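Chains as they are written, first to last, in this note's numbering: chain A, 2 to 321; chain B, 2 to 321; chain C, 2 to 321; chain D, 2 to 321; chain E, 2 to 321; chain F, 2 to 321.
Even for Gly, the Cβ is constructed at its ideal location relative to N, Cα and C.
Since the structure is predicted, the reported quantities are computational estimates derived from the model, not experimental observations.
The next block holds one structure in the form of structure tokens; read it before the comments.
Number of protein chains: 6
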Amino acid sequence: MQKAKFVKDIKEGEQIRDLFLVSNKAVLSSNAGKAYISLALRDRTGQVECRVWDRAEEIAKRFDRDDIVEATGSAIQYQGRIQLKVHDVRKTEGEANLADFLPVTEKGIEPLWKELQALVRGLKDPDLSRLLARIFPDPPETETARRFRQAPGGKSMHHDYIGGLLEHTVSVAAICRFLSGHYEGVDADMLVAGALLHDIGKVGELSYDGAFDYTDEGRLLGHLYMGTEWVTAECARIDGFPREKAMLLKHMILSHHGELEYGSPKRPKTLEAVLLHFAENMDSKANAFLEAVGDMREGAAWTDYQRMFERYLYAGKKNV
Amino acid sequence: MQKAKFVKDIKEGEQIRDLFLVSNKAVLSSNAGKAYISLALRDRTGQVECRVWDRAEEIAKRFDRDDIVEATGSAIQYQGRIQLKVHDVRKTEGEANLADFLPVTEKGIEPLWKELQALVRGLKDPDLSRLLARIFPDPPETETARRFRQAPGGKSMHHDYIGGLLEHTVSVAAICRFLSGHYEGVDADMLVAGALLHDIGKVGELSYDGAFDYTDEGRLLGHLYMGTEWVTAECARIDGFPREKAMLLKHMILSHHGELEYGSPKRPKTLEAVLLHFAENMDSKANAFLEAVGDMREGAAWTDYQRMFERYLYAGKKNV
Amino acid sequence: MQKAKFVKDIKEGEQIRDLFLVSNKAVLSSNAGKAYISLALRDRTGQVECRVWDRAEEIAKRFDRDDIVEATGSAIQYQGRIQLKVHDVRKTEGEANLADFLPVTEKGIEPLWKELQALVRGLKDPDLSRLLARIFPDPPETETARRFRQAPGGKSMHHDYIGGLLEHTVSVAAICRFLSGHYEGVDADMLVAGALLHDIGKVGELSYDGAFDYTDEGRLLGHLYMGTEWVTAECARIDGFPREKAMLLKHMILSHHGELEYGSPKRPKTLEAVLLHFAENMDSKANAFLEAVGDMREGAAWTDYQRMFERYLYAGKKNV
Amino acid sequence: MQKAKFVKDIKEGEQIRDLFLVSNKAVLSSNAGKAYISLALRDRTGQVECRVWDRAEEIAKRFDRDDIVEATGSAIQYQGRIQLKVHDVRKTEGEANLADFLPVTEKGIEPLWKELQALVRGLKDPDLSRLLARIFPDPPETETARRFRQAPGGKSMHHDYIGGLLEHTVSVAAICRFLSGHYEGVDADMLVAGALLHDIGKVGELSYDGAFDYTDEGRLLGHLYMGTEWVTAECARIDGFPREKAMLLKHMILSHHGELEYGSPKRPKTLEAVLLHFAENMDSKANAFLEAVGDMREGAAWTDYQRMFERYLYAGKKNV
Amino acid sequence: MQKAKFVKDIKEGEQIRDLFLVSNKAVLSSNAGKAYISLALRDRTGQVECRVWDRAEEIAKRFDRDDIVEATGSAIQYQGRIQLKVHDVRKTEGEANLADFLPVTEKGIEPLWKELQALVRGLKDPDLSRLLARIFPDPPETETARRFRQAPGGKSMHHDYIGGLLEHTVSVAAICRFLSGHYEGVDADMLVAGALLHDIGKVGELSYDGAFDYTDEGRLLGHLYMGTEWVTAECARIDGFPREKAMLLKHMILSHHGELEYGSPKRPKTLEAVLLHFAENMDSKANAFLEAVGDMREGAAWTDYQRMFERYLYAGKKNV
Amino acid sequence: MQKAKFVKDIKEGEQIRDLFLVSNKAVLSSNAGKAYISLALRDRTGQVECRVWDRAEEIAKRFDRDDIVEATGSAIQYQGRIQLKVHDVRKTEGEANLADFLPVTEKGIEPLWKELQALVRGLKDPDLSRLLARIFPDPPETETARRFRQAPGGKSMHHDYIGGLLEHTVSVAAICRFLSGHYEGVDADMLVAGALLHDIGKVGELSYDGAFDYTDEGRLLGHLYMGTEWVTAECARIDGFPREKAMLLKHMILSHHGELEYGSPKRPKTLEAVLLHFAENMDSKANAFLEAVGDMREGAAWTDYQRMFERYLYAGKKNV
């Protein structure tokens, strides 16, 4: 079965029979003491609240959070919002296209991957070149490379969509390539290589087979540690990889949050680490700004309150 | 008289008769109760401690701090450093070339000014274009433009040399021009114009006719306020300059330190203000990093402690 | 039509036909898919939630947020609170008395204005005297003076009522007049003038024609900047206004929040600026304390949690 | 013997035989291995460095830090400052007038005491009136009252002179009396009583029989705790002193530093405690500002860096 | 009447007639304008929301918050939770067993009291021994000792149950006894005595006759101050209690929160005070961790967000 | 040659010919332009300033910082301190006993190693037991184990002596063993294993073959990262080491500084990590307290200002 109707297009009164990702599921009891299911179903265009009033206990056994399901029901309005009154839910067999159910980068995973490959090919240092080609093989035949192309850039703050990690990485690396020409005395290959690897630990920190979340290891060790350790392992697999270069690269990954209180156990102490920190921080904020503007209500000049910025943002009179 | 011998070239035992800038002057009493002058003389290559033991009271009347003087004396060693035993000091007449006595940008004021003019000419918005051409006329026939070309970028933290403000401004604006192509949705002209004007208030915040220092107004109002107020005045002199554009430009200047605790009374709330803040901060840090590396002792891998960064910085094994 | 019944006097079951200020308006859809209007209507005694169930789309076109309207309906109880079931809404013609619809200072605008005029007349310094008489003409024939008399002192924190800015200004200036006698070495006229002008920027930072809110310029530049710039402009209009006095006055306005993190780009560096900061801060807190006590439930010794103070406040056993 | 020559009047070459307070004393060894005494002698006008080169070990046994001694010697210049070459030191017998040796309030202890008594007599609440009359009897026949009149207001930050505590207390109480009329709803007697008692703990926190220092109890418990405990004890000695009033008074003392990080274990939660905190803080800062201006070098517009304010202060062009 | 059915055992549909503690009570109006009572009833196993729809005004007069009442009604489900529809409420006569209605330490008050007595008997210093025996007499015949055995350790953060203060005290003192053997140079008796007394002020800071809350004195003075003052009073009642020992003990109590911003007006400055602070802090956190794990939903590896820790806590795969 | 005379025993006038560690060396020029060597020589009892006035350039070539040298000279007094006028310096051949030249733990490396082995043998978990036995083999036949026994616990803050890391590790692990019995629900083996490994990264973070300093890797990656990565590598060498246990152990090492701002990229989220953090922090502070007391001048009750504590510490009247 193919996905046909998307969440943002559902209208009151319509009959629905379509595929969704289960992003939340709870079995509750009604006033009258009868069990019902409170569900959240989502696809890449949004999320909709649902209720299963009949045969709740039986239906609840058929599926779990993060499953792709076929749901049948009708759309009603409740307190001004669309809600689905669901009659039946069945787990789908076979592999679904995750990009139908989760938001995905608008820039396209393939074009971004090509940009990344161009950045990798631009490295002249033979050690870094070999390392990066190992980590980002083209075609992406390793598990890590495949997951890297899918991973979101974050759970909710910025680049929180499929391909977000790839998009963020390519953007930061492109800024770093510019900076390596803009300032004298920069080790260009080290800076670009550090940019390409800085968030590699997110491949293991986040789970994104269904709804985005942190893994246990992600919460206990974090992507700064995980990525740095992983680069250690990859360097060790390359004969004669110079110790000093490995140390500088690892320092960049470990320090890229810039300050201890943002989770970097060491602050940037090389020029390349300093520049990477700024490029990375700027790119996160620019992406979050553009997402906030994208979410604005029509006619507004100001966004809603943005927790990441701790302020309202001004998009100007364009919308008004 | 022309400057002949520079401070960094003075050797023990030499007889000196040359021009210097007086960067400090105090009349003290010796153990024996006799007056003497403790002087600091400088040129663009450095500073040397001096003593005037004879006729101190008479000689002291002839000159003040920030004067260019002709000093006669002999070079001795004291506690491992060169000191001048000065016999005579006379104030010079006529205009001296400040660039002989204060450090000056290595990139050259003329080439930087040409880059700035190219950035101004690249603006397509007619209002911003008119405003910037008024503020930075070519040739620089206004007092402000002339002072802007000479001003240091700071008293001691970064770009602390003649032409430093110009160098910093051009660098930030070039980064911003790159960013306006890198991200969608950026108002490119607004971003570059804001970059070109962001530190204009430093023209009045710092005095740099002799040693660098703050003006009273600089300490009481600061360059963020002074620059913003000045842009208000310039916009008012242009017929029909749109109120919204003036507001957005002023917001960028006022908010470019990024956080309240760094002296911005408002934090960046437009995309252009957010990007300017990062570009500006990065450029200050990159310049300070490169200056710290330039000051390193031979054979060292680490710089001295850097107060601006609150850490030691690593330049790598290159020097070792 | 005259305002007759006030919000705080509406009882369950009554029929209402009266004037209100629209402080919020949204068109929503009911469960059944039918449009209705969710309204908040207010007058100076409080605010009441309303619903328009019939002819919602037609009625919604007739008025907007911040309009004064005549509403017809009946009062019901919903979840323990009074709500209006509204049958009809019409926008009123002609000018309404804002003081009927927004809370207003209990001290009276006229008596406060007289106190302010007495403070202005008490200035002996001819420059400051001329400046203040220009800014606060009596009678208040300029737009600024008229707006200054109406403006609230803040959106929600303290003095958040019509005339609040005037009340706060007079109170701070009176404290400053006392302090100028209490301490030696104070420039009394400078201190009182600074007190009278310190929040003048709020005239443009806040909009208060309907519900209180910030203007775009208020959010992007802030009242500290706006007030200081405005004083620059006013001083420029007075022939020979001394540069040093203007600088000192501007410093007081710009620094009166006391610390960078509270939005002052410079901290107080003159005795008058230090004293003004304390007087201003104390008056805001004292007003907020008294408002919190005024809002207490009967029988309570402690106020609700006060966000401005980040604590509960103790009014003592008086109420108990 | 009477004090004759004061430190600020000693000139190079003079023979000295006079009384001083020993504010520092150390026995050291010269290069040649010979013992000598390094001394600091002070009177109310300042402090002078001294050396005893002959019979150092014998002379050192005769006196200690904080003694009043008669010193004989001659004044020389050393590195631009006056130093005493001391020939002999003898401890004086009998009681000396501490006010000759330590700086003392310029407002006079007696006039300040009279002001304080007037403030006490102005209290109408019989409980508070009885309490204050006990603590500040007139004439000051208790040990505490006598010490209270002498104590400095601090070790070095503000009011750091004999009578400084009294001066600060009277000034704060006078401001509080003004505020109790300025705001409605203030318990005037509670506010003034709290002001009079707020720093009473400093009587035991500081030692000031010689040079100012902290007592062990002062460092381990602090004047906020000590003063509050002491008021508990005094209230307990008054029959029927109301528990609520004692609690409110103690809260004011304990909370007058305003924030936890300034050493108040509770923040102000009553209107009187809030006002006292502001009045107290303002008075400390105003006094420190005036002392900083008093210490300025002639011709300067800016003070030296003030650690208490973490900034330079501007006294204006008056001195220039 | 004896307590029979506990909150956690109430099932939908059951008829209830049992004793409860009233932890909240409010009289509200229904949509229809009819008064009803919103109640929270609790016992040691939890709390249940209730409504009294009939004769609300009459019934409301019979009891207050913190009373033990006999309630009659029936259990229904509302939004997935059990609620009581209450028909009648009567206040009980006679003394109830508080331990039926509030959560109580699982370690038992008697065993904990025995441990505490053993710790007191272990003191060798005669002064401290006498003091502690006075404060913790066995049997607990004083009001303070009786209240100390019942008091919770906190309102909601940690040890928030009857006997919690005793449990926390005994745990901290046992750790301190271990530490006094682990480190050289520790005054073992001072450390253990300080541990036993450190939170004694909570006896008066918290009220726990019904629901836990702060007393007025607790909010205005706090348990650090109250406990220290109380030790002063107890030491004063012992002839010849050494001043130095009292000072050290008081310092430990006053400083045990470790930092000014956590409410200690002085930070720990003796070895015993430093160790007590760590032991105390560790015990609070360990208890809070264990409570959080105890509250976990079955099958979870992570706790809910813990406000005290500002993080999620990991209990591991044991539950999963 | 054997070390004979120790620094603390050198008296003025003595002739010295003995072994020292060179902790600082600089070739400078005298006033007269002649080269001389400024040296700092140390042994385990302290450090002495030295000058080599004759044949400085020749002698300077023979040795470097961190060498053990034989120095010949005579002891003089300079500004009250002993200084060596050195005539000759020669580098020694063969291996010296580092413990003669650097301060060493007073508890003895062998007894501490025995305690550590007992703690390792006490582990019951077979995986952790195997891991710890690998890392701490007995006898210490690996390079890491040998270095671990010698390493200091820090550069200057606490445990800054040979064997300090071992002493600190054993002390923390002993506290943790106690805590694992004191609290229920603790995984005792995990807690003790984490304690034994928590600072293992310091083996590579610090260099201590001569004077203590940080390695490049220590400054760029830090001991938290380095230790965690190292445990990853060791676990990987053990067949079937459970992934969950490795993760928990690594989390403890990475989080043991407790807060992001103290350099832990993740805060403690398991009970064992929470307890380890407190035990570790307490032990560092207790050691620093005892060292500060050990350094006190005779007759003092208060230590000098302690930068680690940001306060003066009170040792009591014992010394007085």
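DSSP bridge partner residues for residue i (one or two, in chain order)
i, result
"Y215 of chain B", "B:L207"
"E71 of chain E", "E:L20 and E:R91"
"C51 of chain B", "B:L40 and B:L85"
Cα-Cα separation between residue i and residue j, rounded to whole angstroms
i, j, result
"F179 of chain A", "D67 of chain A", "40 Å"
"C236 of chain D", "F242 of chain D", "6 Å"
"L29 of chain B", "D305 of chain D", "19 Å"
"V53 of chain D", "V8 of chain F", "30 Å"
"D65 of chain D", "R18 of chain D", "19 Å"
"P269 of chain D", "Y184 of chain C", "26 Å"
"R82 of chain C", "A76 of chain C", "10 Å"
"S256 of chain E", "L222 of chain D", "9 Å"
"R147 of chain B", "P141 of chain B", "6 Å"
"V49 of chain F", "K86 of chain F", "11 Å"
"L124 of chain D", "M283 of chain D", "23 Å"
"A57 of chain E", "K92 of chain E", "15 Å"
Unbroken alpha helix (DSSP H) run spanning residue i, endpoints
i, result
"A170 of chain A", "Note that residue 170 of chain A is Thr in the sequence shown here, rather than Ala. Segment G165 to H183, the alpha helix (DSSP H) holding T170 of chain A."
"R63 of chain E", "It is not in any alpha helix (DSSP H) - R63 of chain E carries neither H nor E in the DSSP assignment."
"V8 of chain B", "Here V8 of chain B belongs to no alpha helix (DSSP H), and DSSP marks it neither H nor E."
Residue from the options with nearest C-alpha to residue i
i, options, result
"V187 of chain B", "B:H199, B:N288 and B:A274", "B:A274"
"L129 of chain C", "C:L291, C:K26, C:T233 and C:K267", "C:T233"
"K115 of chain B", "B:G95, B:A316, B:A175 and B:R312", "B:A175"
"A61 of chain B", "B:E281, B:D101 and B:I38", "B:I38"
"S265 of chain D", "D:S285, D:H224, D:E96 and D:V294", "D:H224"
"V173 of chain B", "B:F310, B:Q16, B:A5 and B:E281", "B:E281"
"S24 of chain B", "B:K92, B:A134 and B:D44", "B:D44"
"G317 of chain E", "F:A41, F:L250 and F:L277", "F:L250"
For residue i, the first and last residue of its enclosing beta strand (DSSP E)
i, result
"S39 of chain E", "A36 to D44"
Cutoff 7 Å; reference residue i; Cβ partners in own chain excluding five residues on either side
i, result
"F213 of chain B", "P153, K156, D161 and L207"
"N320 of chain C", "With a pLDDT of only 48 at N320 of chain C, under 50, the local geometry of the prediction cannot be trusted, and no value is derived from it."
Same chain only: Cβ atoms within 6 Å of residue i, ignoring 5 sequence neighbours per side
i, result
"A97 of chain B", "I69"
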